[in-house]
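S.K.: Shown below is the structure under consideration.
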Amino acid sequence: MQQQSAPTPVPLYTSTTSHASVPTLTTSPRACPENNQLDIEKIEQGADMRTTVMIKNIPNKMTDKELLEFINNVCPRRIDFLYLRMDFKNGCNVGYAFVNFIGVQDLLMFAKAKLNEKWNMYSSEKILQMSYANYQGKEALVEKFKNSCIMDEREEWRPKIFYSEPGPNQGLPEEFPKPTHIRRKERSSFNRGALFLSSQHQGAERRLRRVHNGSKSHANAGSLR
């Protein structure tokens, strides 16, 4: 009997980058490689000290301020990076965010309280899930985003950082560093294409359209006379 050849293996995960300009920190929010899976027992044993996670299944109407408040209700002022990924067309989030906890015990506290629990917001039945991001730590995250054109978007759509060091400012908003590679940022902006204009460009475009339409109206009125 002729032996059948083995089927071609199917990839376990794929990238979810929707356009080239916005950095993607990990794999698909619906599947992650085994080494990115969050294991509470390993954290408790000190076998996993990572602090940057992807929080998944976020209700789409949730804002970054609401997500920050949600986290602060469990471990107040214990994160130093937050980026809620947005859909630039409809202004809603796309269901996941990247968060760096100041310490691994802060991550453990949040995971124990919220992992596999319902959000109980916006009548959502979604269950909170978490996995590790490929980029770990505040410094790596800042380096990843500071030269991205996402920093030209609306303030509420941009990544946020917070003071990490112990003291009265810990966990409070910190100014995001300025870009260090202007050409890289220009390339990032160019690669976005016309489908993802920044909010500033969209506003300018709308104003130009109104002026243009007004000129056409005056011209048509003149021709009727």
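Numbered by the numbering used here, the letters in the sequence shown go through residues 77 to 301 in order.
Think of the CB as a built atom: it goes at the ideal place given N, C-alpha and C, for glycine as much as any other residue.
Source: prediction; values computed, not measured.
#1: I need the boundaries of the alpha helix (DSSP H) containing ASP140, first residue and last residue.
#2: Since LEU160 is in the beta strand (DSSP E), which residue starts that stretch and which ends it?
#3: What is the DSSP secondary structure of ILE237, reduced to helix, strand or coil?
#4: Considering only the alpha carbon of each residue, which of CYS225, VAL150, SER240 lies closest to LEU184?
#5: Under 8 Å, with one C-beta from each stretch per pair, do the region 160-173 and the region 138-146 reach the 3-pair mark?
#6: Using DSSP bridges, identify the partner residues of PHE177.
#7: Which residues in the same chain as MET125 place their Cβ atom closer than 6 Å to its Cβ, once the five residues preceding and following it in sequence are excluded?
#8: Give the straight-line distance between the Cα atoms of LEU205 and PHE157, rounded to the nearest whole angstrom.
#9: By a C-beta neighbour count over all protein chains shown, 10 Å radius and 16 as the cutoff for buried, is ALA209 buried or exposed?
#10: For the beta strand (DSSP E) that contains ILE131, what are its first and last residues?
#11: Could you tell me whether the region 236-249 touches the region 187-206, using the rule of 3 or more Cβ pairs below 8 Å?
#12: Relative to the ligand COA, is the shortest distance from any of its heavy atoms to the C-beta of PRO235 smaller than 7 Å?
#13: Identify, in the order they occur along the chain, each residue of the same chain with its Cβ nearer than 6 Å to the Cβ of THR127, setting aside the five sequence neighbours on each side.
#14: Excluding five sequence neighbours on each side, which residues of the same chain lie with their C-beta closer than 7 Å to the C-beta of LYS214?
#15: What does the alpha-carbon distance come out to for the pair MET130 and TRP233?
#16: Just to confirm before moving on: does the CB-CB distance between VAL218 and PRO253 stay below 8 Å?
#17: Is the Cβ-Cβ distance between ILE203 and ASN169 less than 8 Å?
#18: For TYR198, count neighbouring Cβ atoms within 10 angstroms of its own Cβ and tell me buried if that reaches 16, exposed if not.
#19: Would SER207 and ASN112 qualify as a contact pair, given that the criterion is a beta-carbon distance under 8 Å?
M.R.: Working from what's here:
#1: Looking up residue 140 in the sequence shown gives position 64. Here the alpha helix (DSSP H) through ASP140 covers 140-148.
#2: Here residue 160 refers to the residue found at position 84 when the sequence shown is read from its first residue. That run of the beta strand (DSSP E) goes 155-162.
#3: Position 161 of the sequence shown, counted from the start, is the residue given in the question as residue 237. Strand at ILE237.
#4: If you number the sequence shown from 1, residue 184 lands on position 108. Among CYS225, VAL150, SER240, the Cα nearest to that of LEU184 belongs to VAL150.
#5: yes
#6: To locate residue 177, count along the sequence shown from 1; it is residue 101. Partner(s): ILE155.
#7: If you number the sequence shown from 1, residue 125 lands on position 49. These residues qualify, in order along the chain: VAL180.
#8: If you number the sequence shown from 1, residue 205 lands on position 129. If you number the sequence shown from 1, residue 157 lands on position 81. Note on identity: in this sequence residue 205 is Gln, with Leu being the wrong assignment. Distance from the CA atom of GLN205 to the CA atom of PHE157, rounded to whole angstroms, is 18 Å.
#9: Numbered from 1 along the sequence shown, position 133 holds the residue referred to as residue 209. Counting Cβ neighbours within 10 Å, ALA209 comes out buried, since at least 16 surround it.
#10: Within the sequence shown, residue 131 is the residue found at index 55, counting from 1. Here the beta strand (DSSP E) through ILE131 covers 128-132.
#11: no
#12: By its list of ligands, the structure shown contains no ligand whatsoever, and the ligand COA lies outside what it can speak to.
#13: The residue you call residue 127 lines up with position 51 of the sequence shown. Contacts found: ASN176, PHE177, VAL180, LEU183.
#14: One-based indexing of the sequence shown puts residue 214 at position 138. Around LYS214: ASP156, PHE157, ASN176, ILE237, SER240.
#15: Looking up residue 130 in the sequence shown gives position 54. Looking up residue 233 in the sequence shown gives position 157. Going from the Cα of MET130 to the Cα of TRP233 covers about 17 Å.
#16: What you label residue 218 is simply residue 142 of the sequence shown in a count that begins at 1. What you label residue 253 is simply residue 177 of the sequence shown in a count that begins at 1. Pairing VAL218 with PRO253 gives a Cβ-Cβ distance under 8 Å.
#17: By one-based count along the sequence shown, residue 203 stands at place 127. By one-based count along the sequence shown, residue 169 stands at place 93. No. Outside cutoff.
#18: Counting from one through the sequence shown, the residue named residue 198 turns up at place 122. Exposed is the call here.
#19: The residue you call residue 207 lines up with position 131 of the sequence shown. The residue you call residue 112 lines up with position 36 of the sequence shown. Cβ distance < 8 Å, so SER207 and ASN112 count as in contact.
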